[in-house]
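Residue numbers (our numbering), protein chains in the order written: chain A, 1 to 207; chain B, 1001 to 1208.
Input: a single structure, listed below in structure tokens.
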Amino acid sequence: MTQMEREDGTSRDELVQRVALMEEMIAEGRQSTARYGWMFVLWGLTYFAAIGWTVYFPHTEWAWPVCIAACSVVFGVVRSRQSRVEGKIDNLRRHSLDAVWQVIGGGIILYLLAVIVSGHGKEPGYLAAVLFFNGLANGVSARILRWWPQAVSAAIWWGCGTAMLIFTTRTEVLALFLMATFCGMILFGVYAMMLEIRSTSGMQGGR
Amino acid sequence: MTNFEAEDGTTRDDLVQRVALMEAMIAEGRRNIGRFGWIFILWGLVCLIGIGESYLLPHSYWVWPITILSGFVIQFIGIAMHRRSGNWPSENLKSRSVAAVWRMMGIAIILYAAPAGVTHTIHQIAYIAAIFMFLGMAHAISAVILRWRAQGVVAGLWWAGGVATYFVPRNYVITIYVVEMVICMVLFGVYAMWLERRRAAALELHHA
């Protein structure tokens, strides 16, 4: 019996198996994030559309609710089709990542609703908070998946959020918000989709 | 060969083992929250002391930085003592995910609050509400991962506080803050530690 077995009843083989399982789950988690790269692009474009509406069109109070509702419908339809075609991928890491994104997504919607309904939309802190919430989701995912490109995305969100608390004119706030959305969401989504396409074509080439 | 085996090569025994492993990880994750319950109590008290000090010294800009820094020093010492006592919890996938959530939440709140503190705009409703939402998010994610209803309730209370700050008169915001800190930080920490104590006592009794 080894030292490890004496201490907590875990044999070396069991530990090796657990590490292999963890590595497999990390790889699966990254792959499924890459598979859902389109979601980042979709939400990034939705943010752009909502900001565009608030700048160029009337009835700005409806910009966010309408854009988020439309995006949610598209998201739901595409996601349900995707899961029907590919089947449900479920492991412990996936479960944790789903929890992170669902909770933070729900939190952002709740927060935005409270801001809009209460008429506090002019305080700069609220948009910065939205950037920080997005950074939090990316930061936790990056930490769980040990994936540095997603950590870079988190840093972009947090960096722009911090800058937004210092540069508070309307133009600066809009520029920072659009920059964070473009780099942290759209570019990251495109990168994830590229990874997925490369991995799929690699698998097809292998066959 | 069972149906499971025919579909994806997984036997029933494999599935039973995986479920058992997941349940063990969930239980371990909850125990870790119990072991670190003192951190919730610590930060609840730090935030209450900070608010008390800023009430007594309304013009001092150093109240919050010093109070928060003291909190970090105490937490650092507490964790070092925890490690030295050999009572450091084992890590698994679930507890690693929960730890990732709390670490990132801590970084996010510091990054969010620091510039607001420097520019003296932290008293705006949006900031206070956002901090409640951050804490609610961390509790909610942890509750979903660990399937722990009590923590889910705490998350709900944080979010309710975050939303309420936008709608109540300004004077009541401080009351919400104090109530949240007492219930969701101090009392939740006490509850988590009590659960962990009870489990440890039951384990000792079982071994005896």
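For each residue, glycine too, the CB sits at the ideal point set by N, CA and C.
- request: Return the first residue and the last residue of the alpha helix (DSSP H) that B:V1179 is part of.
  value: 1170 to 1180
query: So which of B:V1073, B:Y1191, B:A1114 has the shortest CA-CA distance to A:G159?
result: Residue B:A1114 is the option with its Cα nearest to A:G159.
query: the segment 147 to 159 of chain A: which residues have C-beta closer than 7 Å to a C-beta of chain B, in chain order?
result: If the cut-off is 7 Å between Cβ atoms, the segment 147 to 159 of chain A has W158 near chain B.
message: Among the candidates B:S1142, B:C1047, B:F1076, whose CA atom is the shortest distance from the CA of B:G1156?
response: B:S1142
task: Could you tell me whether any Cβ in chain A is nearer than 9 Å to the Cβ of B:V1101?
output: yes
field: Validate contact between the segment 1031 to 1045 of chain B and the segment 1189 to 1199 of chain B using beta carbons, cut 8 Å, 3 pairs
entry: yes
query: Within the 9 Å Cβ cut-off, does B:V1073 reach chain A?
result: The beta carbon of B:V1073 does not come within 9 Å of any beta carbon belonging to chain A, so the residue lies off that interface.
- request: Can you give me the start and stop residues for the alpha helix (DSSP H) that B:P1058 sits inside?
  value: It is not in any alpha helix (DSSP H) - B:P1058 carries neither H nor E in the DSSP assignment.
- prompt: From what residue to what residue does the alpha helix (DSSP H) around A:S141 run?
  reply: 124 to 145
- request: For my contact list, B:G1050 and B:W1064 are in at a C-beta cut-off of 8 Å; report their separation, rounded to the angstrom.
  value: 5 Å
As assigned by DSSP and simplified to three states, the class of B:Q1151: helix
message: Helix, strand or coil for A:T200? Go by DSSP, reduced to three states.
response: helix
Cβ pair B:A1108, A:G125 closer than 9 Å: no
- request: Could you tell me whether the Cβ of B:Y1127 comes closer than 9 Å to any Cβ of chain A?
  value: yes
task: Report, in whole angstroms, the separation of the C-beta atoms of A:L110 and B:V1163, which I expect to be a contact under 8 Å.
output: 7 Å
query: So, is A:G52 buried or exposed, given that buried needs 16 or more other C-beta atoms within 10 angstroms?
result: exposed
task: Classify A:G44 as buried or exposed, calling it buried when 16 or more other Cβ atoms lie within 10 Å of its own Cβ.
output: That one is buried.
message: Once DSSP output is grouped into helix, strand and coil, what is the label at B:P1065?
response: Of the three classes helix, strand and coil, the one that applies to B:P1065 here is helix, per DSSP.
task: Starting from the C-beta of B:L1135, find all residues in its chain whose C-beta is less than 6 Å away, skip the five residues before and the five after it, and write them out in chain order.
output: W1158
query: Terminal residues of the continuous alpha helix (DSSP H) containing B:M1133?
result: 1125 to 1146
- request: Starting from the Cα of B:V1186, find the closest Cα among B:G1152, B:A1140, B:L1042 and give me that residue.
  value: B:L1042
Residues that A:T162 contacts on chain B, provided the C-beta gap is smaller than 7 Å: Under the 7 Å cutoff, chain B gives L1111, P1115.
Proximity test, Cβ basis, 9 Å: B:A1108 and chain A: yes
field: CB contact flag (A:W157, A:F182, <9 Å)
entry: No, the Cβ-Cβ distance between A:W157 and A:F182 is not below 9 Å.
message: What does the alpha-carbon distance come out to for the pair A:M194 and A:W101?
response: 21 Å
- prompt: Does B:Y1177 get closer than 9 Å to chain A when you measure Cβ to Cβ?
  reply: False, the Cβ-Cβ gap to chain A never drops below 9 Å.
query: A:E123 and B:I1125 look like a contact to me (Cβ under 8 Å); what is the Cβ gap, rounded to whole Å?
result: 7 Å
task: Could you name the residues of the same chain whose beta carbon sits closer than 6 Å to that of A:P50, not counting the 5 residues immediately before and after it, in chain order?
output: Per the sequence shown, residue 50 of chain A should be read as Ala rather than Pro. In its chain, beyond the 5 residues on either side, A63, W64, C67 have a beta carbon closer than 6 Å to the beta carbon of A:A50.
message: Just to confirm before moving on: does the CB-CB distance between A:G135 and A:M39 stay below 9 Å?
response: In this structure, A:M39 does not lie closer than 9 Å to A:G135 by Cβ.
field: C-beta atoms of A:V152 and B:M1104 nearer than 9 Å
entry: Going by C-beta atoms, A:V152 is not nearer than 9 Å to B:M1104.
task: Please report how far the alpha carbon of B:S1085 lies from the alpha carbon of B:I1079, in whole angstroms.
output: 10 Å
field: Cutoff 8 Å; reference B:V1182; Cβ partners in own chain excluding five residues on either side
entry: G1044, L1048
- prompt: Skipping 5 residues on each side, what residues in its chain have a beta carbon closer than 6 Å to that of A:T60?
  reply: These residues qualify, in order along the chain: T54.
Alpha-carbon to alpha-carbon, B:A1116 and B:H1082: 33 Å
field: Exposed unless 16 or more other CB atoms sit within 10 angstroms - verdict on B:Y1127
entry: buried
message: Taking only three categories from DSSP, how would you classify A:T168?
response: coil
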